[in-house]
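Okay, so here's the structure we're looking at.
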Amino acid sequence: MIKNEIIKLIKDKRARVGVIGLGYVGLPLATEFARNGFKVTGFEVDQRKAETINAGETYIGDVASGLVKESVDAGRLRATTDFDHLKDCDAIIICVPTPLRKTKEPDVSFILSASEEIKKRLRRGQLVILESTTYPGTTDEVLLPIFQETGLQLDTDFLLAFSPERVDPGNAEFQTHNIPKVVGGVTADSTEAAATLYSQVVKDVHSVSSARVAETAKLLENTFRAVNIGMANEMARLCYALNIDTWEVIRAAATKPFGFMPFYPGPGIGGHCIPLDPQYLSWKARQHGFDSRFIGLAEEVNSRMPEHVVQLVSDGLNDDRKSMNGARVLVLGVAYKRDIDDVRESPALSIIDRLRSKGCEVRYHDPFVPQVSFDDAHTEGGGQPLSSVDLTDEEIQGADCLIIVTDHTQIDYQHIVSLAPLIVDTRNALNGDVRRGSRARIIRL
Ligand SMILES: NC(=O)c1ccc[n+]([C@@H]2O[C@H](COP(=O)([O-])OP(=O)(O)OC[C@H]3O[C@@H](n4cnc5c(N)ncnc54)[C@H](O)[C@@H]3O)[C@@H](O)[C@H]2O)c1
């Protein structure tokens, strides 16, 4: 049985690990295997990323340059754009993007392209694991037939599993090594080998009965977040209409020691996961004639938050007898969440675009994001790219309204409230202490 051979290689740390796609997920995983003594090859389509890694440097905030350099210098990590080296790998982990098409249907083309590269070099003794978030059935309905076209047999020649990634960029407490890992193989042998591999670098590994269960577990996790954030956002809008402080309501409810878990409203959801993953699940459900209404409702509520934020700006300016047209608005933070540089699906882009379409002159400051550009989904306001401005006193005082879209921790909020005339705070960055003695008029979500 091939399983025993693969497991022995893994336990002896002689298994060579290949990671396809060195992004937010793949690079931390590759360095974790290297740190634990495995020889790792990262496969990239982006030549610059491969060169950066081989130079011992990083482009992902959560992965320290020192660790990359140490692993590269020790010969345990290298990156390449030459997929022929896949044949040298005993375990291959796929960490490529899984975006949505404009029609909101899953785009698994990156997974397919990585799988084709594997297929060309698949050999006896390889374990292939998919980590990219995807709809239930991708591993056994899509990947398995591709690999079987080689004539090689599952369990006899190779193994295939799915293991979802749970990395939380910017989270210093939970990183690859201490986030429990769910593993589900297409066969029991595949589950066992994949679980053995991850248990070399991750503290807790939870095996499930199939790849489909593992795929669905990941989508449940992120759908749970999308739905609960949707409810928090609806509460925020409801409280705004009723003139009640949402944040105080949530703080009070959160004192209940059981049966309640606080979720917080915000300017909208962003990133590569929460806005997209539930769509993968609802798409698959639709194929089977099932309409997932919670997912649809959460998406509707969450995607309307940028519009609500713009309404708050308009209300605030109106109280100052100012119009949106011609108002100068300073956006604080464009990354989709605190202390990271990722602007994918960031609600800031939609907010800026909407403001510009109303004639506002928009500038932004984000210590993590030097520039932003707008794709064709965000072009109502002209779509000109923007560069981050310095957060000078003149910049703060010169704005008719300042919007806190992302609450980066390094911003001096106390200083901002002492200078800005009007602030729309979408993150409760200006908590009670900061607000006291402020000269700014503050509108909170
Ligand atoms: N970012 C997160 O917080 C997070 C968390 C959990 C799960 N995920 C999931 O993990 C997967 C990867 O996400 P990510 O955030 O790391 O994406 P990413 O865009 O940061 O990284 C993907 C990398 O894959 C490379 N790539 C694309 N096609 C390739 C190919 N055919 N061969 C080799 N390299 C290729 C890209 O150049 C890029 O560097 C997605 O399915 C995502 O949903 C992401």
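In terms of the working numbering, the sequence shown opens at residue -15 and continues consecutively.
Quick reminder that beta carbons are idealized off the backbone N, C-alpha and C, glycines included.
All values reported here derive from a predicted model rather than from experimental measurement.
To which residues of the same chain is residue i closer than 8 Å at the C-beta, ignoring the five residues directly before and after it?
i           : result
residue 313 : 297, 339, 344, 345, 346, 347, 383, 384, 385, 386 and 387
residue 171 : 138, 139, 143 and 144
residue 121 : 196, 199 and 268
Can you name, in chain order, every residue of its own chain whose Cβ lies under 6 Å from the Cβ of residue i, other than the five neighbours on each side?
i           : result
residue 36  : 43
residue 49  : 41 and 42
residue 146 : 114, 123, 168, 195, 198 and 199
residue 364 : 337 and 341
residue 246 : 234 and 238
residue 307 : none
residue 254 : 320, 329, 330 and 331
Determine the direct distance from the alpha carbon of residue j to that of residue i, and round the result to whole angstroms.
i           : j           : result
residue 100 : residue 218 : 44 Å
residue 335 : residue 356 : 13 Å
residue 1   : residue 174 : 16 Å
residue 225 : residue 400 : 27 Å
residue 105 : residue 25  : 15 Å
residue 180 : residue 165 : 11 Å
residue 185 : residue 290 : 40 Å
residue 269 : residue 403 : 51 Å
residue 277 : residue 66  : 44 Å
residue 374 : residue 349 : 6 Å
residue 379 : residue 45  : 28 Å
residue 160 : residue 53  : 19 Å
residue 156 : residue 15  : 16 Å
residue 31  : residue 154 : 25 Å
residue 303 : residue 232 : 24 Å
residue 178 : residue 111 : 7 Å
residue 367 : residue 305 : 28 Å
residue 60  : residue 28  : 17 Å
residue 408 : residue 207 : 28 Å
residue 71  : residue 240 : 55 Å
residue 321 : residue 315 : 14 Å
residue 288 : residue 47  : 34 Å
residue 128 : residue 116 : 15 Å
residue 109 : residue 256 : 33 Å
residue 390 : residue 214 : 18 Å
residue 62  : residue 95  : 22 Å
residue 58  : residue 12  : 17 Å
By the DSSP assignment, the beta strand (DSSP E) with residue i in it spans what residues?
i           : result
residue 401 : First-last for residue 401: 397 to 403, but that is the alpha helix (DSSP H), not the beta strand (DSSP E).
residue 295 : Segment 289 to 303 is the alpha helix (DSSP H) holding residue 295; no beta strand (DSSP E) there.
residue 390 : From DSSP, residue 390 is part of no beta strand (DSSP E); its letter is neither H nor E.
residue 168 : 165 to 169
residue 44  : Here residue 44 belongs to no beta strand (DSSP E), and DSSP marks it neither H nor E.
residue 143 : 142 to 146
residue 76  : 75 to 78
Might you give, ordered along the chain, the residues of its own chain that have their beta carbon closer than 7 Å to the beta carbon of residue i, omitting 5 neighbours on each side?
i           : result
residue 351 : 392 and 394
residue 220 : 230, 249 and 429
residue 397 : 413, 414 and 418
The alpha helix (DSSP H) that contains residue i, what's its start and end?
i           : result
residue 183 : 172 to 183
residue 33  : 31 to 38
residue 105 : 93 to 105
residue 261 : 261 to 271
residue 58  : Per DSSP, residue 58 belongs to no alpha helix (DSSP H) and is neither H nor E.
residue -14 : -14 to -5
residue 236 : 230 to 237
residue 418 : 416 to 419
residue 364 : From DSSP, residue 364 is part of no alpha helix (DSSP H); its letter is neither H nor E.
Tell me, which residues are paired with residue i by DSSP?
i           : result
residue 0   : 23
residue 345 : 312
residue 338 : BP columns for residue 338 are empty, so no partner.
residue 372 : 348
residue 191 : 167
residue 409 : 388 and 428
residue 110 : 142
residue 355 : 371
My guess is that residue i and residue j are in contact by the Cβ rule of under 8 Å, so how many angstroms apart are they, rounded?
i           : j           : result
residue 148 : residue 201 : 7 Å
residue 73  : residue 5   : Between residue 5 and residue 73 the Cβ distance is about 14 Å, and since that is not below 8 Å, they are no contact.
residue 282 : residue 210 : 5 Å
residue 134 : residue 103 : 6 Å
residue 68  : residue 82  : Not really, about 25 Å apart at Cβ, beyond 8 Å.
residue 9   : residue 151 : 6 Å
Any C-beta of chain B sitting closer than 8 Å to the C-beta of residue i?
i           : result
residue 317 : Given the protein chain composition of this structure (a single chain), no chain B is represented.
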